[in-house]
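**Student:**
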Amino acid sequence: MLLHCSPSGNDDGLPEPGAWQRQLAGAIRDPRALCQRLGLDPSWLAGALSGHELFEVRVPEAFAARMRIGDPHDPLLRQVLPLANEVDDTPGFVTDPLEEAQHTARRGLIHKYAGRVLLITSPACAVNCRYCFRRHFPYSDNAPTRLQWDETLNYLRDDTSLREAILSGGDPLAASDRQLAWLVARLDGIAHLKRLRLHTRLPVVIPDRVDGVMLDWLATTRLQKVMVLHINHANEIDDAVIAACARLKAVGVTLLNQSVILKGVNDDVDSLEALSERLFEADILPYYLHAFDPVAGAAHFAVSDEDAEALMAELRTRLPGFLMPTLVREIPGEASKTPLQGV
Ligand SMILES: *Cc1c(COP(=O)(O)O)cnc(C)c1O
Ligand code: SF4
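Going by the numbering used here, the letters in the sequence shown line up with residues 4 to 346, in that order.
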């Protein structure tokens, strides 16, 4: 049973402020260290080294601690362990499957859907997911400076059709609380904005990210707050994640989850059912299940739409409707995410 503790209580169990930054700085960034930490057979190292050349390894210890030692097929390890076949050039698997380069009209701003604008708030991530559709995104060209933030904020002020600002990345919570508090205070001052949304994986991989400093700016904004977490497997949700979610709920954050369907991680109905059940135990509702995007280097994660739709149909026979994510794909040029038809 969850205890919803108040962030201002005496025995609030809040993480030590700034502890998350040390954990982030100390993340495993060497393929050798990752293989050793998980007790993998040395035969995995060559592949890990070659994949690392393309997209560097990054795994915080708090996430590694949820993996099974000695199991190369652990569903959490799969998401972060580079494999030899990442260097394969698979026809149809491209570097920018969503054609985002075309939509980034201003640096750090993507406005594709009515009423919502996505702000690339931090180019960094706390974890590097091998299947990431942004693994080839030119983030260094999209990390906004203070001057560009002024331009971005003017854009938001001028477009009165906007209701929601979505902080994304990379991972927006990789930015400092000082920067985030500054930004959120400015968004707060734009009268037509109603909602602040964050798309983040940080509270999952480093639950101590949700400390008192972060809760302060979340608690004080007038905007309604939605956090879309990114969790692909039930084993990602340990007691520390549940406690971090309780802290977020206590300051009024609505918690949703998006996952990606990934071969070898969650492409079976038992895993998807366990994920939804575990999410609800943590007070998180399933939101989207993303169909796989053909990103170069990640072909080994591909699940066909047909298989994904069949999994959804079976999942629906096991779960209440409110625990069913919507299977979607982002199609360049469409006005919204596109739901896939069930079978
Ligand atoms: C996915 C996405 C959104 C949010 O879409 P919702 O359906 O509201 O979750 C907004 N902007 C961009 C650019 C997106 O890719
Ligand atoms: S946290 Fe999100 S943006 Fe960062 S690597 Fe993972 S999937 Fe990509």
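No residue lacks a Cβ here, since even glycine has one placed at the ideal position from N, Cα and C.
1. Skipping 5 residues on each side, what residues in its chain have a beta carbon closer than 8 Å to that of residue 261?
2. Who pairs with residue 332 in a beta bridge, going by DSSP?
3. Use the C-beta contact count for residue 300: other C-beta atoms within 10 angstroms, 16 or more gives buried, fewer gives exposed.
4. Closer than 7 Å by C-beta to residue 12: which residues in its own chain qualify, once you throw out the five before and the five after it? Chain order, please.
5. Bridge partners for residue 172 per DSSP, in chain order?
6. Any idea which residues DSSP pairs residue 116 with across the strands?
7. With DSSP collapsed to three states, give me the class of residue 45.
8. Taking buried to mean at least 16 other C-beta atoms within 10 Å of its own C-beta, is residue 4 buried or exposed?
9. What runs of the beta strand (DSSP E), each 3 residues or longer, lie entirely inside the region 229-272?
10. Does the distance between the C-beta of residue 233 and the nearest non-hydrogen atom of ligand 1 fall short of 8 Å?
11. Measuring CB to CB, does residue 89 end up less than 9 Å from residue 50?
12. Any contact between the region 205-218 and the region 174-190? By contact I mean 3 or more CB pairs, one from each, below 8 Å.
13. So, with DSSP's three-state summary, where would you put residue 78?
14. Between residue 91 and the rest of its own chain, which residues show a CB-CB distance below 6 Å, the 5 nearest in sequence each way excluded?
15. Kindly examine ligand 2 and report whether one of its heavy atoms sits closer than 8 Å to the Cβ of residue 131.
16. In this structure, what does DSSP give as the bridge partners for residue 352?
17. Using 8 Å as the cut-off, classify the Cβ of residue 291 as near or not near the heavy atoms of ligand 1, replying yes or no.
18. Inspect the beta-carbon positions of residue 67 and residue 209 and report whether they are closer than 9 Å.
19. Relative to the alpha-carbon of residue 113, which residue among 81, 314 and 156 has its alpha-carbon at the smallest distance?
20. Which residues mark the beginning and the end of the alpha helix (DSSP H) in which residue 37 is found?
21. Check residue 288 in the structure and name its three-state DSSP category.
22. Does the region 68-76 come within contact of the region 313-321, defined as at least 3 CB pairs closer than 8 Å?
23. Could you check what DSSP says for residue 11 in three-state terms: helix, strand or coil?
24. Under the criterion of a Cβ to heavy atom distance below 8 Å, does residue 111 qualify as lining ligand 2?
**Tutor:** Concretely, from the data shown:
1. In the sequence shown, counting from the first residue as 1, residue 261 sits at position 258. Excluding residues within five positions, the ones whose Cβ falls inside 8 Å are 202, 231, 232, 233, 290, 291, 292, 293 and 328.
2. By 1-based counting over the sequence shown, the position of residue 332 is 329. Its beta-bridge partners are 341.
3. Sequence index remark: in the sequence shown, residue 300 carries index 297 (1-based). By the neighbour-count rule (16 or more Cβ atoms within 10 Å), residue 300 is buried.
4. Here residue 12 corresponds to residue number 9 of the sequence shown, with the count starting at 1. Summary for residue 12: the model assigns pLDDT 41, below 50, so the residue's position carries little reliability; its value from the coordinates is reported in the next sentence. Cβ within range, chain order: n/a, list empty.
5. In the sequence shown, counting from the first residue as 1, residue 172 sits at position 169. Answer is 125.
6. Residue numbering aside, residue 116 sits at position 113 when the sequence shown is read from its first letter. Residue 116 pairs with 119.
7. The residue given as residue 45 occupies position 42 in the sequence shown. Residue 45 falls in the helix class under three-state DSSP.
8. Position 1 of the sequence shown holds residue 4. Annotation note: pLDDT 40 at residue 4 (below 50); position unreliable, coordinate value reported separately. So residue 4 ends up on the exposed side.
9. 256-263
10. On the sequence shown, residue 233 is found 230 positions in, with the first residue counted as 1. Checking every heavy atom of ligand 1 against the Cβ of residue 233, none is found closer than 8 Å.
11. Within the sequence shown, numbered from 1, the residue matching residue 89 stands at position 86. Within the sequence shown, numbered from 1, the residue matching residue 50 stands at position 47. Yes. Within cutoff.
12. yes
13. Counted from its first residue, the sequence shown places residue 78 at position 75. Helix.
14. Reading the sequence shown from its first residue, position 88 is the one you call residue 91. Within the same chain, residue 91 has no close Cβ partners at all.
15. Sequence index remark: in the sequence shown, residue 131 carries index 128 (1-based). Answer for residue 131: yes, Cβ within range of ligand 2.
16. Given that the chain is displayed from residue 4 to residue 346, the structure contains no residue 352 and the question cannot be resolved.
17. Stepping through the sequence shown from its first residue, residue 291 is reached at position 288. Because some heavy atom of ligand 1 lies under 8 Å away, the Cβ of residue 291 counts as near it: yes.
18. As a first step, residue 67 is located in the sequence shown; it is residue number 64 there, counting from the start. As a first step, residue 209 is located in the sequence shown; it is residue number 206 there, counting from the start. Not in contact: residue 67 and residue 209 (Cβ atoms no closer than 9 Å).
19. Translated into the one-based positions of the sequence shown, residue 113 becomes position 110. Checked all of 81, 314 and 156; the closest Cα to residue 113 is 156.
20. As a position in the sequence shown, residue 37 is number 34, starting the count at 1. Per DSSP, residue 37 belongs to the alpha helix (DSSP H) from 34-40.
21. In the sequence shown, counting from the first residue as 1, residue 288 sits at position 285. Of the three classes helix, strand and coil, the one that applies to residue 288 here is strand, per DSSP.
22. no
23. Counting from one through the sequence shown, the residue named residue 11 turns up at place 8. In this predicted model, residue 11 has a pLDDT of only 45, less than 50, meaning its place in the structure is not dependable enough to derive any value.
24. The residue given as residue 111 occupies position 108 in the sequence shown. No, ligand 2 has no heavy atom inside 8 Å of this Cβ.
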